[in-house]
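This report refers to the structure that appears directly beneath it.
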Amino acid sequence: MSESAYTTGRLARWLGCECCGDDTTPIARVATLRDAGPNDIAFCASDGYREALAHTQAGAVLLRASDRGYCPGVALVGANPYLAFAHVADWLHPEPASPPGIHNTAVVADDAIVDPSASVGPHAVIEAGAWVGALARIDAGAFIGRQAQVGDGGRLHPRAVLAARCELGAHSILHAGAVVGADGFGLARDGDRWHKVPQLGRVVIGEDAEIGANATVDRGALEDTVIEDGVKLDDQVHIAHNVRIGAHTVMAGAMVVAGSTSIGRGCQIGGNGAINGHITIADGVVLNGMTGVTKSIKEPGHYASPIPAHEVSEWRRNTARFLRLDNLYRRLQRLERAVRGTGQPSID
Amino acid sequence: MSESAYTTGRLARWLGCECCGDDTTPIARVATLRDAGPNDIAFCASDGYREALAHTQAGAVLLRASDRGYCPGVALVGANPYLAFAHVADWLHPEPASPPGIHNTAVVADDAIVDPSASVGPHAVIEAGAWVGALARIDAGAFIGRQAQVGDGGRLHPRAVLAARCELGAHSILHAGAVVGADGFGLARDGDRWHKVPQLGRVVIGEDAEIGANATVDRGALEDTVIEDGVKLDDQVHIAHNVRIGAHTVMAGAMVVAGSTSIGRGCQIGGNGAINGHITIADGVVLNGMTGVTKSIKEPGHYASPIPAHEVSEWRRNTARFLRLDNLYRRLQRLERAVRGTGQPSID
Amino acid sequence: MSESAYTTGRLARWLGCECCGDDTTPIARVATLRDAGPNDIAFCASDGYREALAHTQAGAVLLRASDRGYCPGVALVGANPYLAFAHVADWLHPEPASPPGIHNTAVVADDAIVDPSASVGPHAVIEAGAWVGALARIDAGAFIGRQAQVGDGGRLHPRAVLAARCELGAHSILHAGAVVGADGFGLARDGDRWHKVPQLGRVVIGEDAEIGANATVDRGALEDTVIEDGVKLDDQVHIAHNVRIGAHTVMAGAMVVAGSTSIGRGCQIGGNGAINGHITIADGVVLNGMTGVTKSIKEPGHYASPIPAHEVSEWRRNTARFLRLDNLYRRLQRLERAVRGTGQPSID
Numbered sequence: 036m037s038e039s040a041y042t043t044g045r046l047a048r049w050l051g052c053e054c055c056g057d058d059t060t061p062i063a064r065v066a067t068l069r070d071a072g073p074n075d076i077a078f079c080a081s082d083g084y085r086e087a088l089a090h091t092q093a094g095a096v097l098l099r100a101s102d103r104g105y106c107p108g109v110a111l112v113g114a115n116p117y118l119a120f121a122h123v124a125d126w127l128h129p130e131p132a133s134p135p136g137i138h139n140t141a142v143v144a145d146d147a148i149v150d151p152s153a154s155v156g157p158h159a160v161i162e163a164g165a166w167v168g169a170l171a172r173i174d175a176g177a178f179i180g181r182q183a184q185v186g187d188g189g190r191l192h193p194r195a196v197l198a199a200r201c202e203l204g205a206h207s208i209l210h211a212g213a214v215v216g217a218d219g220f221g222l223a224r225d226g227d228r229w230h231k232v233p234q235l236g237r238v239v240i241g242e243d244a245e246i247g248a249n250a251t252v253d254r255g256a257l258e259d260t261v262i263e264d265g266v267k268l269d270d271q272v273h274i275a276h277n278v279r280i281g282a283h284t285v286m287a288g289a290m291v292v293a294g295s296t297s298i299g300r301g302c303q304i305g306g307n308g309a310i311n312g313h314i315t316i317a318d319g320v321v322l323n324g325m326t327g328v329t330k331s332i333k334e335p336g337h338y339a340s341p342i343p344a345h346e347v348s349e350w351r352r353n354t355a356r357f358l359r360l361d362n363l364y365r366r367l368q369r370l371e372r373a374v375r376g377t378g379q380p381s382i383d
Numbered sequence: 036m037s038e039s040a041y042t043t044g045r046l047a048r049w050l051g052c053e054c055c056g057d058d059t060t061p062i063a064r065v066a067t068l069r070d071a072g073p074n075d076i077a078f079c080a081s082d083g084y085r086e087a088l089a090h091t092q093a094g095a096v097l098l099r100a101s102d103r104g105y106c107p108g109v110a111l112v113g114a115n116p117y118l119a120f121a122h123v124a125d126w127l128h129p130e131p132a133s134p135p136g137i138h139n140t141a142v143v144a145d146d147a148i149v150d151p152s153a154s155v156g157p158h159a160v161i162e163a164g165a166w167v168g169a170l171a172r173i174d175a176g177a178f179i180g181r182q183a184q185v186g187d188g189g190r191l192h193p194r195a196v197l198a199a200r201c202e203l204g205a206h207s208i209l210h211a212g213a214v215v216g217a218d219g220f221g222l223a224r225d226g227d228r229w230h231k232v233p234q235l236g237r238v239v240i241g242e243d244a245e246i247g248a249n250a251t252v253d254r255g256a257l258e259d260t261v262i263e264d265g266v267k268l269d270d271q272v273h274i275a276h277n278v279r280i281g282a283h284t285v286m287a288g289a290m291v292v293a294g295s296t297s298i299g300r301g302c303q304i305g306g307n308g309a310i311n312g313h314i315t316i317a318d319g320v321v322l323n324g325m326t327g328v329t330k331s332i333k334e335p336g337h338y339a340s341p342i343p344a345h346e347v348s349e350w351r352r353n354t355a356r357f358l359r360l361d362n363l364y365r366r367l368q369r370l371e372r373a374v375r376g377t378g379q380p381s382i383d
Numbered sequence: 036m037s038e039s040a041y042t043t044g045r046l047a048r049w050l051g052c053e054c055c056g057d058d059t060t061p062i063a064r065v066a067t068l069r070d071a072g073p074n075d076i077a078f079c080a081s082d083g084y085r086e087a088l089a090h091t092q093a094g095a096v097l098l099r100a101s102d103r104g105y106c107p108g109v110a111l112v113g114a115n116p117y118l119a120f121a122h123v124a125d126w127l128h129p130e131p132a133s134p135p136g137i138h139n140t141a142v143v144a145d146d147a148i149v150d151p152s153a154s155v156g157p158h159a160v161i162e163a164g165a166w167v168g169a170l171a172r173i174d175a176g177a178f179i180g181r182q183a184q185v186g187d188g189g190r191l192h193p194r195a196v197l198a199a200r201c202e203l204g205a206h207s208i209l210h211a212g213a214v215v216g217a218d219g220f221g222l223a224r225d226g227d228r229w230h231k232v233p234q235l236g237r238v239v240i241g242e243d244a245e246i247g248a249n250a251t252v253d254r255g256a257l258e259d260t261v262i263e264d265g266v267k268l269d270d271q272v273h274i275a276h277n278v279r280i281g282a283h284t285v286m287a288g289a290m291v292v293a294g295s296t297s298i299g300r301g302c303q304i305g306g307n308g309a310i311n312g313h314i315t316i317a318d319g320v321v322l323n324g325m326t327g328v329t330k331s332i333k334e335p336g337h338y339a340s341p342i343p344a345h346e347v348s349e350w351r352r353n354t355a356r357f358l359r360l361d362n363l364y365r366r367l368q369r370l371e372r373a374v375r376g377t378g379q380p381s382i383d
């Protein structure tokens, strides 16, 4: 399909948007409001970009009805411009296809089953009994352990590891360097030593999920670690053994979840925090970045814990007080009693 | 050995447990109390599982004498049921053996020494002068740099890296994607630039240690980074140059230790915290997850620092007060003086 | 050049130092003050090492004029002994050269351009349209995506990934397992699901930069993620999409920067903290380890936020008070009013 096949009118029709303006404008690329030219389409999804919208040179802009008046050119009006933009970007900028078949440097076990439509890149390794579905894409140097399964359209980016017996659902993605199915951190005390406890469970990842670059999801001890459909984990996230993450929960970079914790559906979890082991997080919980969760959260809601950065000399004074905060409280309490004793009204 | 070779009586004898009940029950698998069937063995190591114990269908349960009365079936009674369980799991579920020898796609330098009993997987690379001991297992795509050493029974999981001159002790494990021996973060100021300082030391890892998936342990600047026997580091842990970690210390996921710090033996360190550089942590220290250690800890004990997650509007108010905590303290102090001035007794 | 080619006199001349003592002492190695012998050179860059300096057996010591009097042997006196030491270490301990050319197990696309002086190791993969400059070194199992570029003298350590279209500047380094150019974490809400937003930008890394082992730098959504010249990122750092990091900024292990944030030049950022998305950090900002930055920092300066570790029973009491800190403040305020009501002077 030539580039001119995409016009504002056709895009509007496919997206279910209203096209306000010339519906024959050819669209070739997506771009930002600031960089877009006359054959580019941009989006505006929040009030903060109205200034940029007013000055854009874009051939068309995806926007909400409430921003229509600020758009100098063709507007494609819909309820969710950012989602519409994602679809247009998929159509205009498809990833280069990977040829089906197995690269001659890949090592694939005789009894592994690889769909003929799948693409297996150079130096990939697929062990005995593994199964790779239709149109799956296994990039250079990726590793699929014995009896592991990759669903239709699944993808392992370069150097990703899906260890023995683990499952990656249809259309799910392991980004480069991700490791799914390493042993959970199970140790039994043996005097002053620790004895490794065999980790016999699997990791089971649903459909349409993503595991970020260099993230780690450990296999369960006896039962499985479960990542449900549509879960999106950013780079460097670490999920310990026997964790369950509910469908469509998203987790930003370097978040850590300790073992046997169960996280609900539709949660939004900021980066570089930690969730304690053996607890439960309700559906629909939102956590700020760097939040530490020590106890179960039973109600959906928005939670946080980090102390914000401040100037270091103040920080030194404030943390020094923090280390005596209980003492400070007790002094306040004594003062309250003393003042009450002088006839002041009681205070809570 | 057929599955029926394992009976409750034999397991009890090998483990040094007392077998209470039928000692001829055949045992084929390990399982949880909840999932176990009549040929499975489960364990109960804490009071919290007594309910599950009372309802288990397990053929046998490893437990403490104090839980004996709650077990509906055969009980194998011993002092450390979880350790006993780890042993039984090792016996019943050994990892599939890897054939000795070097895969024909592996690249092994002519002067590298690889014991004939070792297994070297597809696309592994072993550089000049490296040494790999008896029964070691080097998985697909693992890398062993020049003059590095892997002790007898050592293991590199897929894509693990043991860089030049580093040593991995006998029976120690690098999980998938772990990088041992990258350069330490040594930089010398050069005006407004930073000049890389060559990192000439090694990483030396003792016996029976484990380095988690995608973890990093940097080589020393001049002296070595040292991980002593039996240390267990979880996934994504980062150990900077010249750190020393004492024997049998364990560290949970994504913990970070800055350069030249020395950590004692037998410590238990939670995940996603950080330990400052150039300090000392005593033997037997326990740290909660997300704990930040800024100064040396000289006494064994249990330490912590994270603020727990709470509802975000309260968090906003509380952190706003925290940023003025020293001021709050001074106001309290002034009030104390004022109240004392009215005749109240002095307070500490 | 034989080892004896390096003498104290020559080193002093090359470094622009003053040689105090015998300028014919042959120097063969660098070492610490404590370990150095008569043919070794050590350095002393801070007062804390004067005791070690006084007892060193080193053949020569690089030091500041103010430490000259404590040195028992030959002193090479200059303004920046640590930088001088880095240069000497480069000269005395050059990394073993890698032979130019492409290893026969590497897979290089026909239309990729690899300078004949570059070294490409076993099982490396270089995709179509990629470009690798003079004297670059691509280690075992490294991956260079289509149309990606590695500048002259650039280096990918084993298993490093430079994804499609990304650029690594001259003399810059990706350490083992680093992933540059994975998709940014861009998601558009689609009811209760998340739709992946194509990540079309690149990562552009300047000259003389370093990206640590298992670190991740994500490609931009539409525009590029930019790492300027001389930036040094330690292991496990995570940089999200569309971030810009100014020249000569350094960042310690496991630091996390969220999307679209702009960090100035010459910043020094501690490990395992997090910087929020869509904010700006001024030039010359210093952050302690484990610091969480929630808002833009407009002034150069030194900032921090972590609560230091303390004994766990105190920590429990202090954090319990923290969770009621706003309440504590209000009680103080009421007391102030009450005490003022008794005739005390007003307090701020």
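Chains as they are written, first to last, in our numbering: chain A, 36 to 383; chain B, 36 to 383; chain C, 36 to 383.
We put the beta carbon where it would ideally sit given N, CA and C, even for glycine.
Keep in mind the model is a prediction, meaning the values are calculated, not measured.
Have a look at residue i and residue j and give me their C-alpha separation to the nearest angstrom.
i          : j          : result
Lys-25(C)  : Gly-219(C) : Any answer about residue 25(C) is impossible in this case: the structure gives chain C only from 36 up to 383.
Ala-177(A) : Gly-156(C) : 18 Å
Cys-106(B) : Ala-169(B) : 44 Å
Asp-75(B)  : Ser-101(B) : 22 Å
Ala-183(B) : Gly-241(B) : 14 Å
Ala-71(C)  : Asp-225(A) : 41 Å
Take residue i as the anchor and find which of the options has the nearest alpha-carbon.
i          : options                                        : result
Thr-354(C) : Gln-271(A), His-337(A), Thr-329(A)             : Thr-329(A)
Val-266(C) : Gly-236(C), Leu-235(C), Asn-277(C), Ile-304(C) : Ile-304(C)
Arg-351(B) : Gln-92(C), Val-321(C), Leu-358(C), Val-112(C)  : Leu-358(C)
Val-238(C) : Asp-125(C), Ser-295(C), Ala-95(C), His-313(C)  : Ser-295(C)
Pro-135(B) : Ile-173(B), Gly-113(B), Leu-118(B), Val-112(B) : Ile-173(B)
In this structure, how does DSSP classify residue i when only helix, strand and coil are distinguished?
i          : result
Phe-220(B) : coil
Ala-205(C) : coil
Leu-322(B) : strand
Glu-258(B) : coil
Asp-102(C) : helix
Note down, in chain order, every chain A residue with its Cβ under 7 Å from the Cβ of residue i.
i          : result
Val-291(C) : Gly-288, Ala-289, Gly-306, Asn-307
Arg-194(B) : Phe-178, Arg-194, Val-196
Starting from the beta carbon of residue i, find every residue of chain B whose beta carbon is closer than 7 Å, and list them in chain order.
i          : result
Tyr-364(C) : Arg-356, Leu-363
Count the other CB atoms, across all protein chains shown, that sit within 10 Å of the CB of residue i; report buried if there are 16 or more and exposed otherwise.
i          : result
Thr-315(B) : exposed
Thr-59(A)  : exposed
Ser-340(A) : buried
Find the residues of chain A that neighbour residue i, judging by a C-beta separation of less than 9 Å, and give them in chain order.
i          : result
Asp-225(C) : Asn-115, Leu-118, Ala-121
Since residue i meets chain C, which of its residues come closer than 8 Å, beta carbon to beta carbon?
i          : result
Gly-319(B) : Near Gly-319(B) there are no residues of chain C at all, since even the closest Cβ is about 14 Å away, more than 8 Å.
Val-278(B) : In chain order: nothing, as chain C lies at least about 11 Å away.
His-313(A) : Result: empty, since nearest Cβ-Cβ is about 18 Å, beyond 8 Å.
Leu-322(A) : Ordered by position in chain C, no residue passes the 8 Å Cβ test against Leu-322(A), which lies about 12 Å from the chain.
Which residues in chain C have a C-beta closer than 7 Å to the C-beta of residue i? List them in chain order.
i          : result
Ile-342(B) : Ile-342, Thr-354, Phe-357
Note down, in chain order, every chain A residue with its Cβ under 8 Å from the Cβ of residue i.
i          : result
Val-95(B)  : It is Ala, not Val, that sits at residue 95(B) in the sequence shown. Within chain A, no residue comes near Ala-95(B); the closest Cβ sits about 15 Å away, beyond 8 Å.
Glu-242(C) : Going along chain A, no residue has its Cβ under 8 Å from Glu-242(C), so there is no contact; the nearest lies around 24 Å.
Ala-275(B) : Correct list: empty, because the minimum Cβ distance to chain A is about 17 Å.
Asp-125(B) : Pro-233
Name the chain B residues that come within less than 8 Å of residue i, Cβ to Cβ?
i          : result
Val-160(A) : Gly-156, Pro-157, His-158, Ala-175, Gly-176, Pro-193
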